[in-house]
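Residue numbers (our numbering), protein chains in the order written: chain H, 5 to 321; chain U, 194 to 760. Glycine is no exception: its CB is placed at the ideal position from the N, C-alpha and C atoms. Note that the coordinates shown come from a computational prediction; the quantities given were computed from them, not determined experimentally. To keep things clear, I will list the structure first and then write my remarks on it.
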Amino acid sequence: MTSDYKRFALTRAGQAVVVVLLAYVLTFLVISVLPGDAITNTLRDPQHGLSEEDIQRIVAFYGLDQPVIVQLLLSLGRFLTGELGFSLQSNLPVSQIVGDALPSTLTLATSALLIAIVFAVAIAYGAQYLPGKWAAIVRSIPSFFLSVPNFVIGLVLIEFFAFRLHSFTTTDPNSPVATLFAAVTLAIPVSAPLAEVLIASLDHESRQEYALVARSRGITEAKLFAKHLVKPSALPSVAMVALIVGELLGGSVITETIFGRDGIGTVVQKAVTGEDQPVLQAVVSLSAVVFVAVNLVADLASPLLDPRVKLREKVGA
Amino acid sequence: MTLNTKDRNVSADLLTVHGLSIAYGPTAVVHDVSFSVAKGESLALIGESGSGKSTIAKAILRLLPHGEATATGRVALNGQDVLALPEKHFRPLRGRELGFIPQDPASALNPVRTIGAQAHEAAALLGETDPTVRRAKILDVLEQVGLPDPARVYDSYPHQLSGGMLQRVLIALTVLPRPALIVADEPTSALDVTVQKLILDMLTELRRELDISLLLITHDLAIAAERADSLVVLKDGSVQESGPSLEVFASPATEYARSLQADVPALHPDRYRNQRITLAPAHDGGSRTPASSAPDAGLQIDVRGVTKRFSAGGKDVLACDGVSFSVERGRTHALVGESGSGKTTAVRLLLGLEQPDGGDITVAGQSTSGRSRADVREIRRHLQLVYQNPFTSLDPTWRVGRIVREPLDQFGVGTKAERAQRVREALEAVGLPSEVASRRPAHLSGGQRQRVAIARALVVRPDVVVLDEPTSALDVSVQAGILELLSKLQRDLGLTYLFVSHDLALVRQVADTVSVLRRGQVVEDGPVEEIFHRPQHPYTRALLEAIPLATAPTEEQTSKQLAKATA
Chain H
5 MTSDYKRFAL
15 TRAGQAVVVV
25 LLAYVLTFLV
35 ISVLPGDAIT
45 NTLRDPQHGL
55 SEEDIQRIVA
65 FYGLDQPVIV
75 QLLLSLGRFL
85 TGELGFSLQS
95 NLPVSQIVGD
105 ALPSTLTLAT
115 SALLIAIVFA
125 VAIAYGAQYL
135 PGKWAAIVRS
145 IPSFFLSVPN
155 FVIGLVLIEF
165 FAFRLHSFTT
175 TDPNSPVATL
185 FAAVTLAIPV
195 SAPLAEVLIA
205 SLDHESRQEY
215 ALVARSRGIT
225 EAKLFAKHLV
235 KPSALPSVAM
245 VALIVGELLG
255 GSVITETIFG
265 RDGIGTVVQK
275 AVTGEDQPVL
285 QAVVSLSAVV
295 FVAVNLVADL
305 ASPLLDPRVK
315 LREKVGA
Chain U
194 MTLNTKDRNV
204 SADLLTVHGL
214 SIAYGPTAVV
224 HDVSFSVAKG
234 ESLALIGESG
244 SGKSTIAKAI
254 LRLLPHGEAT
264 ATGRVALNGQ
274 DVLALPEKHF
284 RPLRGRELGF
294 IPQDPASALN
304 PVRTIGAQAH
314 EAAALLGETD
324 PTVRRAKILD
334 VLEQVGLPDP
344 ARVYDSYPHQ
354 LSGGMLQRVL
364 IALTVLPRPA
374 LIVADEPTSA
384 LDVTVQKLIL
394 DMLTELRREL
404 DISLLLITHD
414 LAIAAERADS
424 LVVLKDGSVQ
434 ESGPSLEVFA
444 SPATEYARSL
454 QADVPALHPD
464 RYRNQRITLA
474 PAHDGGSRTP
484 ASSAPDAGLQ
494 IDVRGVTKRF
504 SAGGKDVLAC
514 DGVSFSVERG
524 RTHALVGESG
534 SGKTTAVRLL
544 LGLEQPDGGD
554 ITVAGQSTSG
564 RSRADVREIR
574 RHLQLVYQNP
584 FTSLDPTWRV
594 GRIVREPLDQ
604 FGVGTKAERA
614 QRVREALEAV
624 GLPSEVASRR
634 PAHLSGGQRQ
644 RVAIARALVV
654 RPDVVVLDEP
664 TSALDVSVQA
674 GILELLSKLQ
684 RDLGLTYLFV
694 SHDLALVRQV
704 ADTVSVLRRG
714 QVVEDGPVEE
724 IFHRPQHPYT
734 RALLEAIPLA
744 TAPTEEQTSK
754 QLAKATA
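In structure tokens form, the structure reads like this:
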């Protein structure tokens with residue numbers, strides 16, 4: 005597009021980087037003000053069986069004998085060069101731990117997102133075009149979805165499909181079918197707010213005069229939906245999808261536990277119980293990066309989708 | 194009943210509506226309406242908001258909301274009962290036989306698709322499948338409706354075009370499939386007067402050329418009489434009166450049609466004048482000055498050479514370019530111009546909502562430049578504004594009492610009891626019952642809301658009230674009530690009005706002096722009568738010509754038309 009758009013995109017990307025750095029700093033500070041010295045507590049745990057030399061080496065590496073601000077700068081500098089440190093529990097590089105767990109979680113979250121979008125569009129379409137009574141029932145689905153906790157959905161699905169129908173076995177949680185059910189579990193509560201936004205904007209758009217005028221030209225309802233209503237109704241949903249990614253990251257912890265999958269959720273769970281500061285720091289930062297990146301994409305997409313969006317940077321500059 | 198007034202050989206009526214009744218749930222909104230439109234003819238449905246005219250139009254187009262509205266009776270298009278057809282058989286008639294031009298062009302096109310993309314839907318109705326042929330036809334019709342650069346319009350999004358251009362686009366898309374009948378729902382009420390005239394002229398010409406019948410929905414009797422062969426006057430969903438336009442217009446048979454006719458500003462330029470003439474001696478004598486306390490009875494507002502520049506998108510726009518005007522105490526001065534003429538900016542400068550780049554504004558003999566903010570605020574307390582649209586200018590969550598009291602709270606006037614008393618007086622002055630104070634705006638009609646807005650302006654006892662198109666969002670008959678009220682208040686309280694409007698017919702009724710603005714400059718000013726009878730500037734003449742029925746049809750014309758109708 006234009007140079008205005010380039011400037012807009014660069015500004016937004018710059019802001020995104022700042023947000024990620026702030027998230028990193030905040031996480032670091034929160035972990036370091038927690039009561040007790042997490043790192044030294046873990047290191048001195050006799051179960052670890054670390055020698056005094058090892059401990060000294062680790063203390064020097066993280067600068068644990070120095071003020072918090074020095075530790076922060078040290079840590080931040082390493083983060084910027086992609087160096088995430090070592091797990092205090094397993095002594096493995098954090099990048100390796102996260103890297104091993106990431107594909108499983110990404111598969112789960114991505115399929116959950118797609119399923120959630122399909123659910124939301126189907127619900128919104130049904131709410132708009134099914135005959136009276138059915139539309140009312142479909143309209144109540146989002147609040148139902150929202151009110152059932154995702155572990156209940158997961159347990160019900162496992163009970164029914166795994167134990168009764170034998171659609172999949174819980175012993176192989178990474179099989180495609182098992183992944184599908186885990187993704188559905190994760191998608192259901194997440195699809196609810198998306199469906200609500202879609203229903204509301206479809207209601208709004210279908211009452212606009214342009215919809216009436218298009219109908220007066222003899223366009224069919226299906227064409228009206230596909231050609232006229234979907235795009236303007238989707239605009240508010242794009243921002244919603246970006247927010248949903250945050251929920252997916254949180255929800256995956258529970259879902260992975262229920263379905264016995266190894267993923268970021270399991271890594272977080274172990275890191276929290278074991279006070280594994282470098283791992284926690286890495287996972288939180290990773291979540292921040294994913295969340296910020298998805299929102300950046302949504303931001304950059306909106307001027308391309310909606311010609312009315314004015315690039316505010318243009319006036320400000 | 195055939196309302197065909199031309200001695201043309203017409204075999205049958207194109208559209209016949211017989212015993213049409215429409216109800217929203219249990220509430221009936223249209224009762225037993227019948228009329229017919231012959232081929233090539235035009236008929237106007239006229240009435241105020243709530244008269245059911247748009248509902249009838251939507252019933253004919255079968256665009257009433259599903260399941261919410263039920264229509265009974267017979268609507269026949271070429272002898273085929275439209276209401277009885279299943280949607281599958283009706284859809285082929287949409288666009289091809291029955292065209293629709295909506296009220297607000299700005300919301301009638303999908304905002305996120307280009308004009309071209311939407312035009313293809315209309316072109317598809319011709320049965321043409323080749324996209325390049327379709328495009329050529331679209332460009333042709335866009336040119337036909339007078340759009341200067343069809344290719345650019347084709348690639349534009351709706352928000353990139355003006356209201357007048359958008360309405361041309363919509364008319365183009367409607368006539369493209371050559372329908373037999375066009376239903377136009379207030380096609381020009383959202384447009385400037387001069388644009389309105391151009392659009393209506395263009396529509397009339399196209400209709401003649403392509404032999405298209407027209408069902409025109411309007412609240413404006415003058416437009417209806419000027420543009421339609423026959424009229425159907427509606428009130429509360431029932432037909433009051435119908436017949437050939439000139440007949441109904443010249444000698445309305447029912448009370449309601451008579452009052453509608455009396456409320457058309459263009460026909461009764463002196464309606465409020467008698468009330469104002471009585472003011473002149475009082476003004477000269479200076480004996481009656483309840484509100485104005487300054488000793489000199491001269492100029493209340495004096496704006497001298499005011500300039501204001503805005504920069505938008507790197508371009509500088511002179512919104513006001515050396516604008517000067519003055520208003521005598523107790524008089525009404527009108528600022529006239531179309532959108533973008535700078536009249537709104539002039540008002541904002543006067544009210545202190547913007548600072549001028551140059552020039553001087555004097556209010557009651559005190560210059561506002563070079564004073565502290567507090568001083569200016571005190572001067573401006575004597576200047577109050579009544580906004581254009583009472584549907585958006587009142588906070589929907591506040592009760593009327595609080596809305597009217599707000600300026601008193603802002604300026605910290607009096608005790609609580611005194612304020613309550615003032616609110617009661619203000620409501621009484623605008624002719625509203627005191628129980629209105631406990632209601633919210635949603636429970637009031639448009640006219641009542643505008644009265645609340647006037648009460649809010651009056652409550653601080655100002656000397657000057659700025660009226661920014663105070664009746665443009667209201668029906669003609671409601672407008673008459675508000676104008677009546679304003680002239681009574683001016684007489685009783687000695688108020689000075691600055692009346693901002695694009696409607697010269699209205700201005701002629703209410704104002705003493707007028708400034709015509711165009712592109713930020715005053716092109717002509719002087720007493721209203723002089724401007725009306727001897728306009729100097731071509732722009733003023735264009736504005737005057739845009740008034741529908743600027744000259745009422747003479748008796749001779751009417752009788753000729755009657756003779757034709759009975760022949």
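Distance CB(residue i)-CB(residue j) smaller than 8 Å
i       : j       : result
L359(U) : L302(U) : yes
T265(U) : A735(U) : no
A383(U) : V334(U) : no
P282(H) : V98(H)  : yes
E611(U) : K390(U) : no
Q641(U) : L625(U) : yes
E722(U) : H730(U) : no
L409(U) : A269(U) : no
V441(U) : L427(U) : no
Q581(U) : S670(U) : no
V276(H) : L284(H) : yes
T109(H) : I268(H) : yes
Y133(H) : E225(H) : yes
Closer than 8 Å to chain H by CB, residue i
i       : result
A630(U) : no
N271(U) : no
E314(U) : yes
Y347(U) : no
H352(U) : yes
F293(U) : yes
P219(U) : no
P160(U) : For chain U, the structure presents residues 194 to 760; residue 160(U) sits outside this window and is missing.
V289(U) : Reading the sequence as shown, one finds Arg at residue 289(U) and not Val. So, interface residue.
L254(U) : yes
N303(U) : yes
L213(U) : no
G260(U) : yes
L318(U) : yes
Buried or exposed (CB count within 10 angstroms, at least 16 for buried), residue i
i       : result
A567(U) : exposed
V34(H)  : exposed
L546(U) : exposed
F172(H) : buried
L14(H)  : exposed
V531(U) : A small fix is needed here, since residue 531(U) is Glu in this sequence, not Val. Buried, by the Cβ-count rule.
Q643(U) : buried
A230(H) : exposed
V645(U) : buried
K10(H)  : exposed
Q750(U) : Bear in mind that a pLDDT of 48 at Q750(U), under 50, signals an unreliable position, so the model cannot answer this.
C-beta neighbour in chain U for residue i, strict 8 Å
i       : result
R221(H) : yes
Q70(H)  : no
L202(H) : no
L304(H) : no
R312(H) : yes
Using Cβ-Cβ distances below 8 Å, what residues of the stretch 274 to 287 of chain U are close to chain H?
-> R284, P285, L286 and R287
Stretch pair the stretch 306 to 324 of chain U + the stretch 338 to 351 of chain U: three plus CB contacts closer than 8 Å | yes
Listed in chain order, which residues of the stretch 231 to 259 of chain H have Cβ atoms closer than 7 Å to some Cβ of chain U?
-> For the stretch 231 to 259 of chain H, residues whose beta-carbon sits nearer than 7 Å to a beta-carbon of chain U comprise H232, K235 and P236.
Between the stretch 212 to 226 of chain U and the stretch 237 to 249 of chain U, do three or more beta carbon pairs fall short of 8 Å?
-> yes
Taking Cβ-Cβ distances below 9 Å as the criterion, which residues of the stretch 237 to 249 of chain U are in contact with chain H?
-> Under the 9 Å Cβ criterion, the stretch 237 to 249 of chain U contributes no residue.
contact_flag[the stretch 287 to 300 of chain U, the stretch 370 to 377 of chain U] where n(CB pairs < 8 Å) is 3 or more | Enough Cβ pairs lie closer than 8 Å, so yes.
Between the stretch 616 to 635 of chain U and the stretch 648 to 665 of chain U, do three or more beta carbon pairs fall short of 8 Å?
-> Yes, the stretch 616 to 635 of chain U touches the stretch 648 to 665 of chain U.
Chain-ordered residues of the stretch 89 to 101 of chain H with a beta carbon less than 7 Å from chain U | none
Short-range partners of chain H found in the stretch 384 to 410 of chain U, where Cβ spacing is below 7 Å = none
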